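Colleague:
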Amino acid sequence: MRRRAARGAAGDAGEVAAPAADSSDSAQGRSPSPWRLIDLCAIWDAGVYLPSAARNGASSGVARRRLNEAEKLCSVREAQLKRLKVTRPRVLGSRERGRVPRMARQPPPPWVHAAFLLCLLSLGGAIEIPMDPSIQNELTQPPTITKQSVKDHIVDPRDNILIECEAKGNPAPSFHWTRNSRFFNIAKDPRVSMRRRSGTLVIDFRSGGRPEEYEGEYQCFARNKFGTALSNRIRLQVSKSPLWPKENLDPVVVQEGAPLTLQCNPPPGLPSPVIFWMSSSMEPITQDKRVSQGHNGDLYFSNVMLQDMQTDYSCNARFHFTHTIQQKNPFTLKVLTNHPYNDSSLRNHPDMYSARGVAERTPSFMYPQGTASSQMVLRGMDLLLECIASGVPTPDIAWYKKGGDLPSDKAKFENFNKALRITNVSEEDSGEYFCLASNKMGSIRHTISVRVKAAPYWLDEPKNLILAPGEDGRLVCRANGNPKPTVQWMVNGEPLQSAPPNPNREVAGDTIIFRDTQISSRAVYQCNTSNEHGYLLANAFVSVLDVPPRMLSPRNQLIRVILYNRTRLDCPFFGSPIPTLRWFKNGQGSNLDGGNYHVYENGSLEIKMIRKEDQGIYTCVATNILGKAENQVRLEVKDPTRIYRMPEDQVAKRGTTVQLECRVKHDPSLKLTVSWLKDDEPLYIGNRMKKEDDSLTIFGVAERDQGSYTCVASTELDQDLAKAYLTVLADQATPTNRLAALPKGRPDRPRDLELTDLAERSVRLTWIPGDANNSPITDYVVQFEEDQFQPGVWHDHSKYPGSVNSAVLRLSPYVNYQFRVIAINEVGSSHPSLPSERYRTSGAPPESNPGDVKGEGTRKNNMEITWTPMNATSAFGPNLRYIVKWRRRETREAWNNVTVWGSRYVVGQTPVYVPYEIRVQAENDFGKGPEPESVIGYSGEDLPSAPRRFRVRQPNLETINLEWDHPEHPNGIMIGYTLKYVAFNGTKVGKQIVENLSPNQTKFTVQRTDPVSRYRFTLSARTQVGSGEAVTEESPAPPNEATPTAAYTNNQADIATQGWFIGLMCAIALLVLILLIVCFIKRSRGGKYPVREKKDVPLGPEDPKEEDGSFDYSDEDNKPLQGSQTSLDGTIKQQESDDSLVDYGEGGEGQFNEDGSFIGQYTVKKDKEETEGNESSEATSPVNAIYSLA
């Protein structure tokens, strides 16, 4: 049977967690009284009021923190008094404020007054306002600046200007501004407004105006009746991104092997632009230790090679606010050479320069010039030192500091070791640094003298001071800098010298001392400390509060706690002056403090061990000179929860029934919950199990039921638990001997481990087996632990049959081994044996290298090399480290290498998505591991360029075919294309459709749903970084779209292909044919229509006529109607005559004969008369035939 009893956190402290005992308490459980210290200093001195022994205004917490300082100062005062033989006077009572009678004595020296004054100030305390909202909202408070814009406020000229200033106070403060130290009248400028309940300025340019007109220095003032707080002086500047001046650059002619500097000279933007070099085709310039960009933006060639002529060089400036890039006209190089052919095979030549006929030269510095220079940097900023050298071959750069080492935790090398950056510079980083440039022809060095200056920084920033009437306090404003900053005090925004005199206030350099403060002393003080490198401005108000005590916690709380535990009763309170707090039990008796009780400074009462008699009602009373407040806490003591009958270990056969008991005793007023765990996990109660209040029954036990069972009895205050182990035996035949009938169990642990045959790479381990407990031991597992990489963690070493008790163990170099053995039988595993003695093997170089080496970019200009670190058994020696090598693939350039102690290294300044060869080799103090295999990694990806040759074709009115070529610069692994298209018709635009296409796809077909609209297509390629530059095309315009009738003809062309329209046209054609046939039949009957008297135009001699003046229809009447013709698409187009049935129906010239026939007549249009004279154009109309049938 095993018992694992535990008590929860709630059981230790009831419902309130109990803190540890105060280490500063005395043996009686209370801290030394700070007022005892005041007694030592409580003497009357000329011009100084001494507080009484129980001064209400001081904070005991502050006094305790300054105890040591005060004791030293007061002991000096005591020594001086003894020397002068001055007798201490009697100290007045705790509430007395009168003066102590003067005594005849010799005046002490002035330094004693200063020491005594510091003794008083060390005890002066401030009141802390609780965060309770009811307190915060009721108390009056001078203004406090809570939010403001940065000192150097640069704004985007395209946006409205926002200058932030927010403050809090009670009553709420009002705001006003100054601009360039003069009052800024917001009401007179219609563009300027102030946000409601805030001092934030908004300058609106939507109706016009130039932002540059508002540049200047602004300062915000927040004011209420208790004082004025100031913001920093905010310098407002408008961002500028000037254009590059136009210039024509002549080709730069340079001899191969000579140094070259291409100057950028970017336009002076605000803030300064980011400079980078590219070709005119926007290809990045590859940089290495021979060709690199300096910090000033210039491009430096340590020596020019013929291959540098293959591209041009353009300086680019990227401006922050406008997000624009301006490109300078490109430089073109013309390289003069003795070897005119750019033979690529010479690039990898071991002596490339000699092979190309380039003379080798010793290094010389291109930047900075000369052998020495100086540089000044401000504390907290980054120091950047740069050395760029020319020479053939290209020199290597190394950095050193005179008289010491470079700060390894802050220094890093950049730009191929040409730059040294030291972050967060401090004064100890000043001194002389030098860079050494060397090649095989020689070396030179340049010394840089670094001076570290400092803008002001805080040592002791002034804090808000809240005092009770009559209390003393001080504001301290200490800052440091180089040169030493000056301190200027202001009150409510005005210099302290011009403020009204205050007899309770004294200025002592960086400290303002307040004595016997009153309500009228409330104000906001500003400390401005400055030197030539900057300034600091801090606001700190002095508020005098007169508040009677009040309780902050809920009233009549109930605290329940378990018997014999520790608990704490809280009683948060507030008042000014700071109240004193006392505790009472059941409304009677003396103050509770000492013995089993301890009162903390915050008023909490701790009961160290709860007993039954501690149950009752506790009252806390807070008192100051303005009144008192009290609160009550009811304490209930509960009996602990105990398991008095615990489950026992059992061995059961498969199929039998097992019952595990768990009987609990608990406090009847608390709700009890009993739960079970199996193998420390919650137990699922299935249909084979039954859980009761005091037991767990398992029916039909199976092998899977074997394990540990834990009974957990818990209430809302505490818990208890007990554990037992259930072993399940399989069915067996009737036992033939006594041993077979005995229950089986797990084996006992092996013992007496011994190490023999100690060798460099092996050892023999021998052990004595433990009792098998009626089940033969089948296996032994040997485990080891080492104390270097994973101390305390055991690993499996090897496994052996149960018939052996000795084995030779193979060991790795430089491992401090410790072994243990575990026995296994069919029931389970034994407990591990006791560990053997330790045995350390000798070291050796690593025999392997780390695995899983990868090179992947985390940014577009870097590559992160990672690997799986080697463990203790493969380190083989102390100080395991890794030599990381890399170079660009297929360039045959020299390997870059660095030594790393971790498992990653980041290579910076890499081109976008370029393959690299990577090698990671293990090394320890005994040597290097084997030469590693190269692994291919890639630098970071970037956004791809736009797809090339994007084409849109429309073979018919139903489909649109899209084709494109892959981007010229994928800049990574292509993961697909994004196609967006939208239909539009004039100003109407349809819903945008997005298609995600595969990376290998270069064609796509769109089925048109709207035959009238056109389509706009936008295509972009995607990498892991995102979508790149997009290219946009539109579907072809329909024919004749440019003519005024384009929309009409386009619709006709689209409708003409519809079936219903073709059927309608056929029906109309059939009807017209019928009408023509009827007309022909009518004419064949000899129908004549006398129209001579109606015609306006005389007949010509060629007109056929009868003698009676009537016309006969001739065969010409069967010709198509004059003035109309049929178009190719089936539509009928009007010609100049505009002859139509409408003219017949609406004209006023038509008449009917007596027989009902229609006499048709029409007049030629005016435009026809202008072009063809008065000649009439007549044609037989189908309408005549229709009416003649009537």
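In terms of this note's numbering, the sequence shown is residues 21 to 1210. Beta carbons: idealized from backbone N, C-alpha and C, even for Gly. Everything numeric in this text was worked out from a predicted model, so none of it was measured.
I need the boundaries of the beta strand (DSSP E) containing M401, first residue and last residue.
Modeller: Note, M401: premise wrong, no beta strand (DSSP E); not H, not E.
Colleague: Give a yes or no on contact between the region 302–309 and the region 261–280, applying the rule of three or more CB pairs nearer than 8 Å.
Modeller: no
Colleague: Using beta-carbon positions only, say whether P866 and S894 come within less than 8 Å of one another.
Modeller: yes
Colleague: How many angstroms separate the CA atom of Q313 from the CA atom of E434?
Modeller: 11 Å
Colleague: Sorted by chain position, which residues of the same chain lie with C-beta nearer than 8 Å to G863's C-beta, five sequence neighbours on each side aside?
Modeller: P833, Y834, F896, G897, P898, N944, D945 and F946
Colleague: Give the straight-line distance between the Cα atoms of R973 and R924, rounded to the nearest whole angstrom.
Modeller: Going from the Cα of R973 to the Cα of R924 covers about 51 Å.
Colleague: Hey, would you say Y997 sits closer than 8 Å to L977, going by beta carbons?
Modeller: no
Colleague: In this structure, how does DSSP classify P476 when only helix, strand and coil are distinguished?
Modeller: strand
Colleague: How would you call S541, buried or exposed, if buried means at least 16 neighbouring beta carbons within 10 angstroms?
Modeller: buried
Colleague: Kindly indicate which three-state DSSP category Q156 falls into: helix, strand or coil?
Modeller: Here Q156 sits in helix by DSSP.
Colleague: Among N285, L426, S374 and G501, which one has its Cα closest to the Cα of A337?
Modeller: N285
Colleague: In whole angstroms, what is the alpha-carbon distance linking Q283 and V397?
Modeller: 25 Å
Colleague: Give the secondary structure of P520 by DSSP, where H, G and I count as helix, E and B as strand, and everything else as coil.
Modeller: coil
Colleague: Check C455 in the structure and name its three-state DSSP category.
Modeller: strand
Colleague: Quick test of your reading: T693 and T643, contact by CB under 8 Å. State the CB separation rounded to the nearest angstrom.
Modeller: Contact between T693 and T643 is ruled out by a C-beta separation of about 45 Å, above the 8 Å threshold.
Colleague: Tell me whether L269 sits in a helix, a strand or coil according to DSSP, three-state version.
Modeller: coil
Colleague: Could you please give me the residues that DSSP links to P935 through a beta bridge?
Modeller: Bridge partners of P935: Y958.
Colleague: I'd like to know if E434 contacts chain D, where contact means its C-beta is closer than 8 Å to some C-beta of that chain.
Modeller: In the structure shown, chain D does not exist; there is a single protein chain.
Colleague: Are the beta-carbon atoms of F339 and P265 separated by less than 8 Å?
Modeller: no
Colleague: Quick check: what's the CA-CA separation for L440 versus R971?
Modeller: 51 Å
Colleague: Helix, strand or coil: which one does DSSP assign to Q275?
Modeller: strand
Colleague: Answer yes or no: do N869 and V927 have a C-beta to C-beta separation smaller than 8 Å?
Modeller: no
Colleague: What separation, rounded to the nearest whole angstrom, lies between the Cα atoms of S201 and I149?
Modeller: 35 Å
Colleague: Nearest CA to the CA of F436: which residue from S728, T549 and Y320?
Modeller: Y320
Colleague: Could you pull the start and end residues of the beta strand (DSSP E) that G280 belongs to?
Modeller: Per the sequence shown, residue 280 should be read as Leu rather than Gly. It spans L280 to L282 - the beta strand (DSSP E) in which L280 sits, taken as one unbroken run.
Colleague: Which residue marks the beginning of the beta strand (DSSP E) containing R968, and which one marks its end?
Modeller: R968 to R973
Colleague: To which residues of the same chain is L900 closer than 6 Å at the C-beta, ignoring the five residues directly before and after it?
Modeller: N944
Colleague: When the Cα of N891 is compared with those of I903, G877, G871 and H618, which residue comes out closest?
Modeller: G871
Colleague: With a CB to CB cut of under 6 Å and the five nearest residues on each side skipped, what residues in its chain are close to A558?
Modeller: E481, P482 and C547
Colleague: Between which two residues does the alpha helix (DSSP H) harbouring C1099 extend?
Modeller: In the DSSP assignment, C1099 falls within the unbroken alpha helix (DSSP H) covering G1079 to S1104.
Colleague: Out of P597, V1002 and G636, state which residue places its alpha-carbon closest to the alpha-carbon of G647.
Modeller: P597
Colleague: Using the C-alpha atoms, what's the distance from T537 back to G490?
Modeller: 5 Å
Colleague: Sort G1046, T1007 and K1000 by Cα distance to T1025 and report the nearest one.
Modeller: Of the candidates G1046, T1007 and K1000, the one whose C-alpha sits nearest the C-alpha of T1025 is K1000.
Colleague: Per DSSP, C497 forms a beta bridge with which residues?
Modeller: C497 is not bridged to any residue.
Colleague: Between the alpha carbons of S695 and T677, how many angstroms are there, rounded?
Modeller: 20 Å
Colleague: Would DSSP call E232 helix, strand or coil?
Modeller: If DSSP states are grouped into helix, strand and coil, E232 belongs with the helices.
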